[in-house]
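If you count the sequence shown from 1, you need to add 2 to reach this note's numbering. For reference, the structure discussed in these notes is given below.
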Amino acid sequence: MRLLIVALLAPAGCAAPWRPDFDRLESDVGLAAARYPALALEPDLSGTLDVETLLAAARARNPELREALARTRAAIEEVNRAGALDDPMLRYRPWAVPLDRAYDLGAAEMNMVGIEQTFPFPGNLSLRGEAALRDAEALHQMYREKEREIVARVRKAYAEYFALSRELEIRAAHMQILDEFEKTSDSKFRTGKAPKQDVLKPQVELVMLRDEILALEQRIGSARTEINALLNRPPDAALGKPAYLAPAEERFEMKELAATAVASRPELLAAALRIKSSRAGLALAEREATWPDFSIGLDYMQVPGGDDAWGGMIGINLPWITGKRSATKRKMEHTARADEIALEAARVRVLAEVHAAFLRVEAARKSLLLFRGEILPVGRESVDVSRSNYEKDKASFLDLLDAERSLREIEVRYERTVAEYESARADLERAVGVDLRRKP
Numbered sequence: 003m004r005l006l007i008v009a010l011l012a013p014a015g016c017a018a019p020w021r022p023d024f025d026r027l028e029s030d031v032g033l034a035a036a037r038y039p040a041l042a043l044e045p046d047l048s049g050t051l052d053v054e055t056l057l058a059a060a061r062a063r064n065p066e067l068r069e070a071l072a073r074t075r076a077a078i079e080e081v082n083r084a085g086a087l088d089d090p091m092l093r094y095r096p097w098a099v100p101l102d103r104a105y106d107l108g109a110a111e112m113n114m115v116g117i118e119q120t121f122p123f124p125g126n127l128s129l130r131g132e133a134a135l136r137d138a139e140a141l142h143q144m145y146r147e148k149e150r151e152i153v154a155r156v157r158k159a160y161a162e163y164f165a166l167s168r169e170l171e172i173r174a175a176h177m178q179i180l181d182e183f184e185k186t187s188d189s190k191f192r193t194g195k196a197p198k199q200d201v202l203k204p205q206v207e208l209v210m211l212r213d214e215i216l217a218l219e220q221r222i223g224s225a226r227t228e229i230n231a232l233l234n235r236p237p238d239a240a241l242g243k244p245a246y247l248a249p250a251e252e253r254f255e256m257k258e259l260a261a262t263a264v265a266s267r268p269e270l271l272a273a274a275l276r277i278k279s280s281r282a283g284l285a286l287a288e289r290e291a292t293w294p295d296f297s298i299g300l301d302y303m304q305v306p307g308g309d310d311a312w313g314g315m316i317g318i319n320l321p322w323i324t325g326k327r328s329a330t331k332r333k334m335e336h337t338a339r340a341d342e343i344a345l346e347a348a349r350v351r352v353l354a355e356v357h358a359a360f361l362r363v364e365a366a367r368k369s370l371l372l373f374r375g376e377i378l379p380v381g382r383e384s385v386d387v388s389r390s391n392y393e394k395d396k397a398s399f400l401d402l403l404d405a406e407r408s409l410r411e412i413e414v415r416y417e418r419t420v421a422e423y424e425s426a427r428a429d430l431e432r433a434v435g436v437d438l439r440r441k442p
């Protein structure tokens, strides 16, 4: 009896082989929680903005990210729960109370007080803890996945905000140019060198530009709202102007990106951990369907008018009778297979995301080179030549206006391409699962 009790208690007191992994997870999650122990104060973002400031605020305040961290911490407590024994049972039993004195416990022939504890078969408790640990580690990886998602969304929202702000500046600058054109045309009209149409054309163009600016201001407001939502701020909270966005335009190799994604993408790491969890659950189910749990009890017996005594008990469950344990085993077999398929599906999806984002980055990078090397210089030269020819009466005002309008659209498209490059790069970094930006 004594040897049996020692054998059952020994596994509960020994450190589980997965304990170092649990300690490491607790440390990692604790560090993340310590960085942001509570909802950070709302930052003052009314000055000139840069994306790193927004990212720091998002990491501290974004509710989706804080929720994911809280769920990870809850899963850590589930590991503690799963790896612990069930509560012991304390019982009291009055014995042989006369029916005519049913409520007189003092008339009982014997009063028994006992305690009972159930012990899983040796090794089962460790497997329960391991399955819960792998689930907690998977949730921690999904927290990291959510962080990568929030980072990408902030970068993309900032790129959109930058592009719209730059477009507003470009169109405002071209309004000043059109004002100059109008004055030049009016001067030539007064001297009889230009028709009235040359005076009216810039006026019409100015009205159209004002309408475009009104639409841009609305879109900028929507971009601010999106950024504020990511930072858990009121929709109308003040945001300053974005700092100039200079794309790094680094070149990437698809093969290296794919290898990095397979090794580093948190979603894939989480899927692999779920497989470990289901395999531990399957091993547990197989053992529980084969080996019984044990219950041990000890009783103290108080005998009125006689000698007090003690008694003990030992019992086992019978997992082979109802088929419940066998069904659990089959369930875990299917679950393990499903988790393996889920990892395969996630890997295919991640590689597709990496490839799609890589193509977007490359296309935007090449477009930027084309804009800087050819399109922008030609557009600016065209305006300069048209203006000079118009002032010398060698070109019509319509030629000048078309050249100016083309340059305006070229400059807007260039800024949109800058934003597209940054947006595509943000998607690429999320797909790969790591920051691809070179540190200064």
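Every residue gets a Cβ at the ideal spot worked out from N, C-alpha and C, and that includes glycine.
For a test of the three-state rule: what should DSSP assign to residue i, helix, strand or coil?
i	result
residue 105	coil
residue 317	strand
residue 246	coil
residue 118	strand
residue 51	strand
residue 32	helix
residue 113	strand
residue 301	strand
residue 348	helix
residue 92	strand
residue 311	strand
residue 123	coil
residue 296	strand
residue 3	Its pLDDT being 46, under 50, residue 3 is placed unreliably in this model, and the coordinates cannot settle the point.
residue 8	Legend: pLDDT at residue 8 = 47, less than 50; position of this residue unreliable, no value from coordinates given.
By the 10 Å Cβ neighbour count, where 16 or more other Cβ atoms means buried, how is residue i classified, buried or exposed?
i	result
residue 277	buried
residue 230	buried
residue 224	exposed
residue 302	exposed
residue 167	buried
residue 33	exposed
residue 77	buried
residue 428	buried
residue 341	buried
residue 367	buried
residue 165	buried
residue 172	buried
residue 269	buried
residue 255	exposed
residue 163	buried
Going by alpha carbons, who is nearest to residue i out of the options?
i	options	result
residue 1	433, 22, 178	Within the shown structure, residues of the chain are numbered from 3 to 442, placing residue 1 beyond reach of any answer.
residue 273	70, 326, 138, 355	138
residue 334	362, 56, 355, 290	290
residue 130	82, 185, 54	82
residue 332	284, 295, 369, 370	284
residue 63	235, 265, 304, 77	235
residue 94	153, 85, 268, 110	110
residue 75	105, 146, 343, 31	31
residue 369	140, 420, 431, 115	420
residue 360	372, 431, 395	431
residue 128	255, 297, 365, 87	87
residue 406	182, 296, 67	182
residue 321	309, 349, 286	286
residue 271	143, 214, 222, 383	143
residue 436	124, 263, 36, 152	263
residue 155	56, 122, 119, 211	56
Spatial neighbours of residue i within its chain, please: C-beta separation below 6 Å, excluding the five flanking residues on both sides.
i	result
residue 15	Because residue 15 carries a pLDDT of 45, less than 50, the predicted location of this residue cannot be relied on, and the following value inherits that uncertainty. Answer for residue 15: no residue qualifies.
residue 314	300
residue 330	287
residue 317	297
residue 327	290, 291, 321
For residue i, which residues from the same chain have a beta carbon less than 7 Å from its beta carbon, with the 5 sequence-adjacent residues on both sides left out?
i	result
residue 424	157, 161, 247, 249
residue 44	235
residue 472	Only positions 3 to 442 of the chain appear in the structure, and residue 472 is not among them; the question remains open.
residue 100	109
residue 232	60, 64, 152, 155, 156, 159
residue 126	286, 289, 290
residue 418	165
residue 385	405, 406, 409
residue 123	289, 293, 294, 295
residue 426	359, 362, 363, 366
Got a sec? Which residues, its chain only, sit under 8 Å from residue i by beta carbon, not counting five neighbours each side?
i	result
residue 401	388, 391, 392
residue 337	280, 283, 284
Query raised in the report: Can at least three beta-carbon pairs, one atom from the stretch 161-179 and one from the stretch 202-211, be found at a separation below 8 Å?
Result: They touch, by the three-pair rule.
Report task. Specify whether the stretch 279-295 and the stretch 118-136 touch according to this definition: at least 3 beta carbon pairs, one from each stretch, less than 8 Å apart. Result -> With contact defined as three or more Cβ pairs closer than 8 Å, the stretch 279-295 and the stretch 118-136 are in contact.
Report task. Check whether the stretch 45-53 touches the stretch 237-244, counting contact only when three or more Cβ pairs, one atom from each stretch, lie closer than 8 Å. Result -> The stretch 45-53, when compared against the stretch 237-244, does touch it at the 8 Å Cβ threshold.
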